[in-house]
């Protein structure tokens with residue numbers, strides 16, 4: 004039986020999970036499937052020419068056909084996903100026979116790729132979803148992809164067994180990326196709840212990268228976790244990254260349970276869940292995307308809550324503590340955990356399923372027709388959540404593809420070490436689509452009612468302008484979800500184009516009642532106009548509503564800026580003090596401490612002590628940065644001057 008050959012253009016990924024997948028992918032599918040990794044930047048140079056001297060698209064298509072001629076499939080790695088639509092367009096233009104095998108690691112965040120890939124897929128191309136839930140996410144975004152999706156779990160193997168003491172330790176573990184969407188701050192708070200319930204000997208160890216890879220300093224979220232642990236005197240340890248299988252097995256083995264909580268759109272399978280279950284350790288996870296499939300009988304699930312428009316999904320510390328207490332007192336047996344893991348950790352079975360899936364795809368394949376890469380169809384599909392995304396409504400697919408060409412060029416120039424400033428139109432669209440679809444997708448992944456987030460209104464005939472941002476604002480008048488319309492205006496508000504923001508808000512108010520986000524944007528409009536008294540009133544009214552809670556940071560920062568520009572920085576201080584007293588080390592607290600420092604410093608010499616104390620807290624949570632260094636230098640100079648003047652008096 005001839006092995007199937009898969010070309011995998013890849014670049015050294017910064018994410019540990021992406022690097023691990025690449026290693027497992029090639030190792031666990033051999034020898035039936037030969038995965039040939041190739042350096043992505045140099046491969047792209049062979050196709051497109053250098054960034055300084057690119058070749059025409061027709062020549063690039065011929066180059067692509069030549070470089071893929073001996074392969075049955077090309078399977079883009081994590082770093083290559085953003086270039087996949089262009090590569091597929093070249094495949095079609097050259098009528099090359101290689102098929103696409105697109106592994107959807109994080110289908111919820113590929114909204115721009117789904118919009119671009121839609122007319123480019125041909126019979127025989129396949130999209131691999133790691134779980135049934137991941138498949139459902141793709142179809143929720145765009146049902147057009149349903150014929151191409153196949154559910155095949157990632158090629159995994161069990162971690163090596165490690166000898167441990169017969170008596171399990173009172174240790175709970177968490178092995179994850181260190182980001183707020185992994186709810187690690189809630190896990191620390193849950194440990195405090197557990198301690199108050201009498202579990203004083205239980206310890207939580209959190210493993211994961213604590214730096215951003217560019218320096219040895221802790222990144223801000225890791226700093227906020229360390230500050231929370233210290234303040235709460237929680238029995239929690241941040242142990243840093245774990246790389247090798249043996250190190251990982253040693254970390255998990257003997258633990259009472261593993262926590263794997265997540266509310267990120269990037270989640271689809273839960274690799275750490277399977278690794279833990281394979282060692283007989285039960286798992287507490289959120290009821291989120293593919294986690295119910297992977298946890299099965301090997302643990303418990305915590306339901307997530309929707310806090311409302313403009314606010315994140317969340318889980319309370321008490322819910323987490325309840326789940327931990329249940330598993331500590333009545334855990335599934337190690338055998339049950341291992342049986343659950345065995346469904347996913349059978350390399351021979353997974354390899355066979357991949358082989359059968361790819362052979363079926365090859366049977367469907369015929370030489371694709373040459374396709375003009377710039378068809379004049381709409382950018383938005385006709386069904387699914389993406390059909391209701393406001394940012395797609397003003398554009399044709401061809402225009403979207405032209406934006407994509409520019410982004411691909413900028414990506415390659417970054418790989419070459421060039422400094423690429425600003426955001427391209429495609430990068431703006433990527434951000435817009437992420438924000439536009441986030442809320443309904445989060446509810447979908449959490450098994451919650453999302454109907455309120457996909458309600459649309461009748462379109463309003465309008466024409467504002469022909470430049471990119473003006474056309475984005477016309478998306479507000481299209482038949483689209485409110486969350487996607489607001490996403491358009493949030494981006495416009497960042498650019499400082501006050502007239503466009505005003506026109507967009509007027510369009511939005513014709514068909515929608517005032518929401519907290521609309522009030523935030525209205526406040527921003529008044530600030531940009533210089534109407535600071537009105538902006539202050541609007542902002543403080545918003546803070547008095549349900550937004551006066553842990554996630555009020557962006558309102559507080561807006562308030563601090565309004566007061567500074569109004570030359571009344573002291574008016575924001577009571578609000579900043581009150582919030583920081585309640586939430587001194589939440590994920591967004593560092594920036595609020597910095598605003599408190601600047602506003603106190605700007606108020607006058609009587610507030611310098613408060614400014615210094617706030618700066619110390621900001622540095623503790625944010626680390627060093629050019630902004631903080633500038634503030635600190637200014638503060639020290641001013642403080643010294645005031646001391647000299649005081650002595651002279």
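Residue numbers (the working numbering): 4 to 652.
Here a beta-carbon is modelled for each residue, glycine too, at the ideal position from N, C-alpha and C.
### Message
Comparing C-alpha positions only, which one of 504, 315, 511 sits nearest to residue 530?
### Response
Within the chain shown, the letter at position 527 stands for residue 530. Measuring from the Cα of residue 530, the nearest candidate turns out to be 504.
### Query
Does the Cβ of residue 558 have 16 or more other Cβ atoms within 10 Å, making it buried, or fewer, making it exposed?
Sequence index remark: in the chain shown, residue 558 carries index 555 (1-based). Looking at its Cβ environment, which holds 16 or more other Cβ atoms inside 10 Å, residue 558 is buried.
### Query
For residue 216, does the three-state DSSP call read helix, strand or coil?
Within the chain shown, numbered from 1, the residue matching residue 216 stands at position 213. Three-state DSSP puts residue 216 in coil, outside helix and strand.
#### Entry: Identified DSSP bridge partners for residue 129
Position 126 of the chain shown, counted from the start, is the residue given in the question as residue 129. DSSP, once it has assigned bridges, lists 104 as partnering residue 129.
### Query
Between which two residues does the alpha helix (DSSP H) carrying residue 137 extend?
Along the chain shown, one-based indexing puts residue 137 at 134. Annotation for residue 137: the continuous alpha helix (DSSP H) segment containing it runs 135–144.
### Task
Use the C-beta contact count for residue 5: other C-beta atoms within 10 angstroms, 16 or more gives buried, fewer gives exposed.
Taking the first residue of the chain shown as position 1, residue 5 is located at position 2. Exposed, since its Cβ has fewer than 16 Cβ neighbours within 10 Å.
### Message
Just to confirm, is the Cβ distance from residue 57 to residue 51 under 7 Å?
### Response
What you label residue 57 is simply residue 54 of the chain shown in a count that begins at 1. What you label residue 51 is simply residue 48 of the chain shown in a count that begins at 1. Contact flag set, yes.
### Task
Leaving aside the five residues before and after residue 649 along the sequence, list all residues of the same chain whose C-beta is less than 6 Å from its C-beta, in chain order.
Looking up residue 649 in the chain shown gives position 646. Note that residue 649 has pLDDT 48, beneath the 50 cutoff, so the model's placement of it is unreliable and no number is given.
### Task
Taking residue 141 and residue 130 to be in contact with their CB atoms under 8 Å, please state how far apart those CB atoms are, rounded to whole angstroms.
Residue numbering aside, residue 141 sits at position 138 when the chain shown is read from its first letter. Residue numbering aside, residue 130 sits at position 127 when the chain shown is read from its first letter. Here residue 141 really is in contact with residue 130; their C-beta atoms are around 7 Å apart, less than 8 Å.
### Query
To the nearest angstrom, how far is it from the Cα of residue 165 to the Cα of residue 315?
By 1-based counting over the chain shown, the position of residue 165 is 162. By 1-based counting over the chain shown, the position of residue 315 is 312. Their Cα atoms are separated by approximately 39 Å.
### Query
When the distance is taken between beta carbons, is residue 401 closer than 7 Å to residue 427?
The residue you call residue 427 lines up with position 424 of the chain shown. The residue you call residue 401 lines up with position 398 of the chain shown. Cβ distance not < 7 Å, so residue 427 and residue 401 don't count as in contact.
### Query
Near residue 634, what residues of its chain come up, given a Cβ to Cβ distance below 6 Å and the 5 sequence neighbours on each side ignored?
Numbered from its first residue, the chain shown carries residue 634 at position 631. None.
#### Entry: Outcome for residue 169 when other beta-carbon atoms lying within 10 angstroms are tallied against a minimum of 16
On the chain shown, residue 169 is found 166 positions in, with the first residue counted as 1. Summary for residue 169: the model assigns pLDDT 45, below 50, so the residue's position carries little reliability, and this model does not support an answer.
### Query
Considering only residues of the region 552–585, which uninterrupted beta strand (DSSP E) runs meet the minimum length of 3 residues and lie entirely inside it, listed in chain order?
Qualifying beta strand (DSSP E) stretches: none in this window.
### Sub-7 Å separation of residue 134 and residue 303 beta-carbons
In the chain shown, residue 134 corresponds to position 131, counting from 1. In the chain shown, residue 303 corresponds to position 300, counting from 1. No, Cβ-Cβ distance for residue 134 and residue 303 is not below 7 Å.
#### Entry: Beta-carbon separation (whole angstroms), residue 228 vs residue 241, contact threshold 8 Å
Position 225 of the chain shown, counted from the first residue, corresponds to residue 228. Position 238 of the chain shown, counted from the first residue, corresponds to residue 241. With a contact defined as Cβ atoms closer than 8 Å, residue 228 and residue 241 qualify at about 6 Å.
### Task
Determine contact between the region 344–354 and the region 146–161, defined as no fewer than three beta-carbon pairs at a distance below 8 Å.
By the Cβ test, the region 344–354 is in contact with the region 146–161, since at least three Cβ pairs between them sit closer than 8 Å.
### Query
Between residue 658 and residue 408, what straight-line distance do the alpha-carbon atoms span, to the nearest angstrom?
Outside the modelled stretch of the chain, which goes from 4 to 652, sits residue 658, for which no answer is possible.
### Message
According to DSSP, is residue 169 part of a helix, a strand, or is it coil?
### Response
In the chain shown, the residue the question calls residue 169 occupies position 166. Note that residue 169 scores 45 on pLDDT, short of 50, meaning its location in the model is unreliable; the coordinates nonetheless yield the value given after this. Residue 169 carries a coil assignment under DSSP once its states are collapsed to helix, strand and coil.
### Query
Considering only the beta carbon of each residue, do residue 321 and residue 196 sit closer than 7 Å?
Position 318 of the chain shown, counted from the first residue, corresponds to residue 321. Position 193 of the chain shown, counted from the first residue, corresponds to residue 196. In this structure, residue 321 sits near residue 196, with a CB-CB distance shorter than 7 Å.
### Message
By the three-class DSSP mapping on this structure, what secondary structure does residue 366 have?
### Response
Sequence index remark: in the chain shown, residue 366 carries index 363 (1-based). In the three-state reduction of the DSSP assignment, residue 366 falls in the helix class.
### Query
In its own chain, which residues sit with a C-beta less than 8 Å from the C-beta of residue 554, not counting the 5 before and 5 after it?
If you number the chain shown from 1, residue 554 lands on position 551. Only 310, 314, 315, 591 meet the Cβ criterion.
#### Entry: Buried versus exposed, by CB contacts within 10 Å (16 or more), residue 366
In the chain shown, the residue the question calls residue 366 occupies position 363. Burial call: exposed.
### Task
Return the CA-CA distance between residue 441 and residue 434, expressed in angstroms with no decimal places.
Working through the chain shown from its first residue, we reach residue 441 at position 438. Working through the chain shown from its first residue, we reach residue 434 at position 431. Between the alpha carbons of residue 441 and residue 434 lies a distance of about 11 Å.
### Buried/exposed call for residue 464, threshold 16 Cβ in 10 Å
The residue you call residue 464 lines up with position 461 of the chain shown. Its Cβ having fewer than 16 others within 10 Å, residue 464 is exposed.
### Query
Cβ atoms of residue 305 and residue 286: under 7 Å apart, would you say?
Numbered from 1 along the chain shown, position 283 holds the residue referred to as residue 286. Numbered from 1 along the chain shown, position 302 holds the residue referred to as residue 305. Contact flag unset, no.
### Query
Taking buried to mean at least 16 other C-beta atoms within 10 Å of its own C-beta, is residue 598 buried or exposed?
Numbered from its first residue, the chain shown carries residue 598 at position 595. Burial call: buried.
### Task
Would you kindly check if the distance between the Cβ of residue 462 and the Cβ of residue 432 is under 7 Å?
Within the chain shown, the letter at position 429 stands for residue 432. Within the chain shown, the letter at position 459 stands for residue 462. No, the pair does not count as a contact, with Cβ atoms beyond the cut-off.
#### Entry: Whole-angstrom distance between residue 206 and residue 495, CA atom to CA atom
As a first step, residue 495 is located in the chain shown; it is residue number 492 there, counting from the start. As a first step, residue 206 is located in the chain shown; it is residue number 203 there, counting from the start. Distance between residue 495 and residue 206, taken at the CA atoms: about 47 Å.
### Task
Please check the pair residue 621 and residue 596, which I expect to be a contact at CB under 8 Å, by giving their CB distance rounded to whole angstroms.
Taking the chain shown and counting its residues from 1, one reaches residue 621 at position 618. Taking the chain shown and counting its residues from 1, one reaches residue 596 at position 593. Between the beta-carbon of residue 621 and that of residue 596 there is about 4 Å, and that keeps the pair under the 8 Å contact cut.
### Query
Would you say the region 94–104 touches the region 62–74, given that touching needs at least three Cβ pairs under 8 Å?
Cβ pair count under 8 Å is three or more, so yes.
### Query
Under 7 Å, do residue 136 and residue 292 count as touching if we go by C-beta distance?
Counting from 1 along the chain shown, the entry for residue 136 is found at position 133. Counting from 1 along the chain shown, the entry for residue 292 is found at position 289. Yes, these two residues count as a Cβ contact at 7 Å.
### Message
Let's see if you can read the secondary structure: which residues bound the beta strand (DSSP E) around residue 8?
### Response
Along the chain shown, one-based indexing puts residue 8 at 5. That run of the beta strand (DSSP E) goes 7–13.
### Query
Excluding five sequence neighbours on each side, which residues of the same chain lie with their C-beta closer than 6 Å to the C-beta of residue 7?
The residue labelled residue 7 in the question sits at position 4 within the chain shown. Cβ neighbours of residue 7 beyond the five flanking positions: 36, 75, 361.
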